[in-house]
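K.L.:
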Amino acid sequence: MTRDRMTGRFGAKRDVLARCMYWSGGVLLSNYLPAKNSLLVLLYHRLGNPSEDPYDRGVFSATGEQFDDHIRYLKRNFSPITLEEAEDWITGPARCESRGCRVLVTFDDGYLDNYEIGFPILRSHGVQGVFFLSSSLVGSSAVPWWDEIAYLLRTARNKRFTLQYPVELAVNIAEERISEGIRKVINLYKTPENQDPERFMEGVRDAVQGDDLGPSVRRFLDWDEARAMVRGGMAIGSHCHSHRVLSKLDATQQGVELSHSRSVLQERVGMPINSVAYPVGIKDSFSTQTERLAREAGYKVAFSNHGGVNLSEDLLNPYDVRRVGVSTAQDKIRFRVQATSARLTGKFWP
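Just so we're aligned, residue 406 is where the sequence shown starts under this note's numbering, counting upward by one.
1) Using the C-alpha atoms, what's the distance from V731 back to A579?
2) Is DSSP giving I587 helix, strand or coil here?
3) Alpha carbon to alpha carbon, how far is L422 from A547?
4) Taking the continuous beta strand (DSSP E) assigned at N577, which residues delimit it?
5) Have a look at Q743 and K737 and give me their C-alpha separation to the nearest angstrom.
6) Compare the Cα-Cα distances from D420 to each of F740, S621 and T750 and report the closest residue.
7) Taking G523 as the reference, give the member of I476, A699 and G660 with the closest Cα.
8) Contact defined as beta carbons within less than 8 Å: I believe S643 pairs with F537. What is the distance between those atoms, to the nearest angstrom?
9) To which residues does DSSP link P485 through a beta bridge?
10) Between V674 and the rest of its own chain, which residues show a CB-CB distance below 8 Å, the 5 nearest in sequence each way excluded?
11) Take the Cβ of N710 as the centre, count every other Cβ of all protein chains shown within 10 Å, and call the residue buried at 16 or more, exposed below.
12) How about T511 and F708: do their beta carbons lie closer than 9 Å?
13) If you check the beta carbons only, do L557 and D616 fall under 9 Å apart?
14) Where do the ends of the beta strand (DSSP E) carrying V706 lie?
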């Protein structure tokens, strides 16, 4: 059984468990119980209908309707906070001075749908969203590596192929779902063994023989839109300059990615940039050296993406603030159950 199919089975079991918890009235009653003193940071990427997209559908976090429901629920049952308040809670005595589960809504990459769909919803509810932008992608029609991999496999002439770098990987999208093949290749790209990303991409292009990328259309929000979002109560953070995986770079290159992005964002958006979200953000994508370089670049806080809730009782590392990814696989009930579980137990479960 493939890992994706096993994940699907476990996901189905979690859905059943979530429904039992929800319809039993447990979630409603739980909202009246004391909350953990904690910070739940939610991570979104794209909003919209993934079935209409020719690129990586795995980066879609919710439809517009689902996102609106998420924000309504969070505002009613949690304490949504701003980025500045989160920075103070993470780095200062505020963590011990008050109780409750705070929630911070964040977006990575800065896709155009963040502005067109996410911003109006957040503004209508009076909730701040934090948008981590890669400065080289702002306003561009670029197709990043994860989207190019998905596009190549969706248009592949070779349905069975084997990649040789950085390790051998056999993919058969003639027999397995295309989404499974895409996940396999993207996950291989992220591994520490892939120290030459361009060689990797050339290997994928040669192996699958996919179509050339489609017509050039703007895919990322631009500077005017970023400034409009700030005027509308949103916050901006750095997602480094070019979205390169920092652990694959030497110290000098990492420093440039971190500091150049901060400088460009501060100049173009006109506000201090004190927070960064590491590209990819899983444990292998950054190191203690990266954390030190982020501090030296002037960031107060750095966000990762390997899961978990930030508890006041823990010894928090301000350069590894945990976030929980949101996915279209979570329906309304499961999202509410998971969020409520985080509020009470400090675990985003089931």
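Beta carbons are placed, not taken as given, at the ideal position from N, Cα and C, and that holds for glycine.
P.N.:
According to the structure data:
1) Counting from 1 along the sequence shown, the entry for residue 579 is found at position 174. Counting from 1 along the sequence shown, the entry for residue 731 is found at position 326. It is roughly 29 Å from the alpha-carbon of A579 to the alpha-carbon of V731.
2) Within the sequence shown, numbered from 1, the residue matching residue 587 stands at position 182. Secondary structure at I587: helix, using DSSP grouped into helix, strand and coil.
3) Along the sequence shown, one-based indexing puts residue 422 at 17. Along the sequence shown, one-based indexing puts residue 547 at 142. Cα to Cα, the separation comes out at about 41 Å.
4) Translated into the one-based positions of the sequence shown, residue 577 becomes position 172. DSSP places N577 in the uninterrupted beta strand (DSSP E) bounded by L574 to N577.
5) The count along the sequence shown starts at 1 and reaches residue 743 at position 338. The count along the sequence shown starts at 1 and reaches residue 737 at position 332. Whole-angstrom Cα-Cα distance: 10 Å.
6) Translated into positions along the sequence shown, residue 420 becomes position 15. That would be F740, whose Cα lies nearest to the Cα of D420.
7) Looking up residue 523 in the sequence shown gives position 118. If we check each option's Cα against that of G523, I476 comes out closest.
8) Taking the sequence shown and counting its residues from 1, one reaches residue 643 at position 238. Taking the sequence shown and counting its residues from 1, one reaches residue 537 at position 132. Confirmed, Cβ separation roughly 6 Å.
9) As a position in the sequence shown, residue 485 is number 80, starting the count at 1. Bridge partners of P485: V508.
10) Locating residue 674 in the sequence shown gives position 269, counting from the first residue. By the criterion of a C-beta distance shorter than 8 Å, V674 is surrounded in its chain by W628, A631, R632, V635 and I641, once the five residues flanking it on both sides are discounted.
11) Here residue 710 is taken as the residue at index 305 of the sequence shown, counted from 1. Of the residues assessed, N710 falls on the buried side of the cut-off, its CB having 16 or more other CB atoms within 10 angstroms.
12) The residue you call residue 511 lines up with position 106 of the sequence shown. The residue you call residue 708 lines up with position 303 of the sequence shown. Contact: yes.
13) The residue labelled residue 557 in the question sits at position 152 within the sequence shown. The residue labelled residue 616 in the question sits at position 211 within the sequence shown. Contact: yes.
14) Start at 1 with the first residue of the sequence shown, and residue 706 comes out as number 301. DSSP places V706 in the uninterrupted beta strand (DSSP E) bounded by V706 to F708.
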